[in-house]
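See structure below.
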Amino acid sequence: MKQMRVDNTIEKQVKAAKYNPLLADALIKQYKPFIATITSEVCKRHVVYGVDDELSFAMLGFYHAINSYESDKGTFLNYAARVMKHKVIDYLRSEKKHTLISLDESDEENQTLLDHIPSNTYRYTIPATTAIQAELIEFQQELQSFSLQLTDIAKQAPKQTRTLEACRQIIYVAIEKPSLIMQLKESKRLPIKDILQLINIDRKIIERHRSYIIALLIIYSNGYEFMREHLHKITKPKTKGVIS
Amino acid sequence: MKYVVIEVHESYVVVLDQEGTFSLALNFNYQLGDQIDAIIPYEDITTQEVVTHKRRKWIPRFAVLSVCIALILFIIPTFNTPVAAASIWLSYNPEYRIDIDTDGNILEIEGLNPDAVEALESMNCKHKTYIDFANAIIDYGMQNDTLVDGKTIEVYIDTDDQKLYDSISNNLELNLKEKLCHKEIDYEIEHISKKHERKQEQHQNQGNPSTTPDEHQQQQQNNNRQQNNKQHNTQEETHEQKREQEKKQHNK
Numbered sequence: 001m002k003q004m005r006v007d008n009t010i011e012k013q014v015k016a017a018k019y020n021p022l023l024a025d026a027l028i029k030q031y032k033p034f035i036a037t038i039t040s041e042v043c044k045r046h047v048v049y050g051v052d053d054e055l056s057f058a059m060l061g062f063y064h065a066i067n068s069y070e071s072d073k074g075t076f077l078n079y080a081a082r083v084m085k086h087k088v089i090d091y092l093r094s095e096k097k098h099t100l101i102s103l104d105e106s107d108e109e110n111q112t113l114l115d116h117i118p119s120n121t122y123r124y125t126i127p128a129t130t131a132i133q134a135e136l137i138e139f140q141q142e143l144q145s146f147s148l149q150l151t152d153i154a155k156q157a158p159k160q161t162r163t164l165e166a167c168r169q170i171i172y173v174a175i176e177k178p179s180l181i182m183q184l185k186e187s188k189r190l191p192i193k194d195i196l197q198l199i200n201i202d203r204k205i206i207e208r209h210r211s212y213i214i215a216l217l218i219i220y221s222n223g224y225e226f227m228r229e230h231l232h233k234i235t236k237p238k239t240k241g242v243i244s
Numbered sequence: 001m002k003y004v005v006i007e008v009h010e011s012y013v014v015v016l017d018q019e020g021t022f023s024l025a026l027n028f029n030y031q032l033g034d035q036i037d038a039i040i041p042y043e044d045i046t047t048q049e050v051v052t053h054k055r056r057k058w059i060p061r062f063a064v065l066s067v068c069i070a071l072i073l074f075i076i077p078t079f080n081t082p083v084a085a086a087s088i089w090l091s092y093n094p095e096y097r098i099d100i101d102t103d104g105n106i107l108e109i110e111g112l113n114p115d116a117v118e119a120l121e122s123m124n125c126k127h128k129t130y131i132d133f134a135n136a137i138i139d140y141g142m143q144n145d146t147l148v149d150g151k152t153i154e155v156y157i158d159t160d161d162q163k164l165y166d167s168i169s170n171n172l173e174l175n176l177k178e179k180l181c182h183k184e185i186d187y188e189i190e191h192i193s194k195k196h197e198r199k200q201e202q203h204q205n206q207g208n209p210s211t212t213p214d215e216h217q218q219q220q221q222n223n224n225r226q227q228n229n230k231q232h233n234t235q236e237e238t239h240e241q242k243r244e245q246e247k248k249q250h251n252k
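If you're matching them up, the sequences are chains D and G in order. Just so we're aligned, residue 1 is where the first sequence starts under the UniProt record's numbering, counting upward by one. Just so we're aligned, residue 1 is where the second sequence starts under the UniProt record's numbering, counting upward by one.
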């Protein structure tokens, strides 16, 4: 009876978290010990968060289980365990395909193989500095003043090339006309009418991707030098802040 | 392509690539601001799965044809349009009504006043659940200053299924709590029957504020009887007039 009550509670939480990365992430955090147990069973060794990549894939499996779970698939935890195991096994199989060689053995020039391998994996290549982190925290806070969250912006951002290009046109126009960004910052509203006067674009594109456009316009206001440098592929390099 | 980590969560991070695309990626113990060369997308299973079809064995053409004919003649016409399991009214001045199925997917949306109709024209509501829609209209309201501190979002749910009602109301409550935690915006979630009860009470009170509902009904019946009597009297009068006229004519 107690077990049934627990299952009902979990199922309610899972339903609420479906297709909602933020709620799903909170649920994953709650079940970290469970996820570690399942991963250890598959790997047949103790695994540690922040060290073993298998745990990241197991968390991805848990997320997929949240989004795909239906009550006719049994209890949620049993279902999640199956999905996680498949995810971790797939990862281990893909790793096994590569020949295992020691990365630490040094050659005649006292360089290890690790020094020669190009960084083409999902490991970080350049760690963050405190200045960059401060800029990103400021960016998050400024988005919050517009009632925007990065997770939602990422989920709703345009995916098609044409739409992305249309949104970039707005950025180019705003860089040429700084008053648009000033208006945005003062009123906390996107000046759609003014944008439509300057550029021939479907209003619906602006309405649908409003949060994405606002995020990019904020980056091109003053104080986000690192992010502007990072976006050099969509604007001219060494672009200065619009509002000085 | 290089990515920079701009937000960190337990299982995923938000990254920004050099072309200005924001994405969700699997978290490999990243820190805020880390720059990486490749990511594992943190996507829903439906967008990530790649269905690989094995080569099917050859199936006789007549079997395929007969299945197609059967589909066209017998099965397709009997498909019913999806039936709404529940209707939800969401209102904070723009007022919307959505019909959903048992899984919470939206079947139909209707704007019930001009503000709502205008808002819907700018929203992409395909393949959304009622939670996605509720978030979308809240964001829209905040952007347009129609949903500000001090306002209340009213939610009414219409369904005969108690379990479904509980599920919808709990999910909406959780979602609204999180969505509005930094705002002074209230919300009310109730069954539609309570709204109807309140409306009925209002109507009754407007008719005769000093009477109880029973007295009010009695009064109405009395009024009706009086009206009927009046009609009857006028009919009798005209009938008498006619008789007098006839008498006069006869005397002449």
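For every residue, glycine included, the Cβ atom is placed at its ideal position computed from N, Cα and C.
Helix, strand or coil for residue 35 of chain G per DSSP?
-> strand
Output, in chain order, the set of chain G residues within a Cβ distance shorter than 8 Å of residue 25 of chain D.
-> 9, 10, 11 and 12
Helix, strand or coil: how does DSSP classify residue 145 of chain G here?
-> coil
Taking residue 188 of chain D as the reference, give the member of D:127, D:178, D:212 and D:143 with the closest Cα.
-> D:143
By the 10 Å Cβ neighbour count, where 16 or more other Cβ atoms means buried, how is residue 20 of chain D classified, buried or exposed?
-> buried
Alpha carbon to alpha carbon, what distance is there between residue 142 of chain G and residue 148 of chain G?
-> 6 Å
Please name the residues in the UniProt domain "RNA polymerase sigma-70 region 2" (27-97) of chain D whose beta-carbon is closer than 7 Å to at least one beta-carbon of chain G, in chain order.
-> 28, 29, 50, 53, 56, 59, 60, 63, 64, 67 and 68
List the DSSP bridge partners of residue 91 of chain G.
-> G:95 and G:154
Taking residue 177 of chain D as the reference, which of D:163, D:194, D:186 and D:166 has the closest Cα?
-> D:194
Which residues, in chain order, does the stretch 155-173 of chain G contribute to contact with chain D at a C-beta distance below 8 Å?
-> 167, 170 and 171
List the DSSP bridge partners of residue 129 of chain G.
-> G:105
Is residue 11 of chain G helix, strand or coil by DSSP?
-> coil
For residue 17 of chain G: DSSP bridge partner residues = G:3
Hey, residue 168 of chain G and residue 157 of chain G: beta-carbon distance below 8 Å or not?
-> yes
In whole angstroms, what is the alpha-carbon distance linking residue 15 of chain G and residue 146 of chain G?
-> 32 Å
Sort out for me which residues DSSP pairs residue 22 of chain G with in a bridge.
-> G:16
Going by CA-CA distance only, name the one from G:135, G:37, G:61 and G:182 that's closest to residue 150 of chain G.
-> G:182
Please check the pair residue 139 of chain D and residue 220 of chain D, which I expect to be a contact at CB under 8 Å, by giving their CB distance rounded to whole angstroms.
-> In fact, because the Cβ distance is near 12 Å, the residues do not count as touching under 8 Å.
Consider the Cβ of residue 127 of chain D: report whether some Cβ of chain G lies at a distance smaller than 8 Å.
-> yes
Helix or strand or just coil, what does DSSP make of residue 125 of chain D?
-> strand
Among G:66, G:65, G:68 and G:43, which residue has its Cα nearest to the Cα of residue 64 of chain D?
-> G:43
Cα-Cα separation between residue 109 of chain G and residue 179 of chain G, rounded to whole angstroms = 22 Å
Which of the three DSSP states, helix, strand or coil, is assigned to residue 86 of chain G?
-> strand
Which first and last residues belong to the beta strand (DSSP E) in which residue 189 of chain G is found?
-> 186-191
So residue 96 of chain G packs on residue 40 of chain G, CB below 8 Å; how close in whole Å?
-> Residue 96 of chain G to residue 40 of chain G, Cβ: 37 Å. No contact.
Could you give the residue range of the alpha helix (DSSP H) that holds residue 263 of chain G?
-> Given a span of 1 to 252 for chain G in the structure shown, any question on residue 263 of chain G remains unanswerable.
Which residues, in chain order, does the stretch 169-180 of chain D contribute to contact with chain G at a C-beta distance below 7 Å?
-> none
Could you check which residue in G:133, G:192, G:161 and G:191 has the C-alpha nearest to that of residue 176 of chain G?
-> G:133
Compile a chain-ordered list of the residues in the stretch 199-211 of chain D whose CB is closer than 8 Å to at least one CB of chain A.
-> Protein chains D and G are contained in the structure displayed, whereas chain A is not.
Whole-number beta carbon distance between residue 76 of chain D and residue 10 of chain D, since they are thought to touch under 8 Å = 5 Å
Any Cβ of chain D within less than 8 Å of the Cβ of residue 120 of chain G?
-> no
Return helix, strand or coil for residue 61 of chain D, following the three-state DSSP convention.
-> helix
6 Å Cβ shell around residue 47 of chain G - same chain, five flanking residues per side excluded | Confidence at residue 47 of chain G is low in this model, with a pLDDT of 47, below 50, so the placement of that residue should be treated as unreliable; the coordinate-derived value is given next. Excluding residues within five positions, none has a Cβ falling inside 6 Å.
What is the rounded straight-line gap between the Cα of residue 103 of chain G and the Cα of residue 28 of chain D?
-> 22 Å
Cβ separation of residue 38 of chain G and residue 159 of chain G, assumed to be a contact under 8 Å, to the nearest whole Å | The pair is not a contact, with the Cβ atoms about 46 Å apart (cut-off 8 Å).
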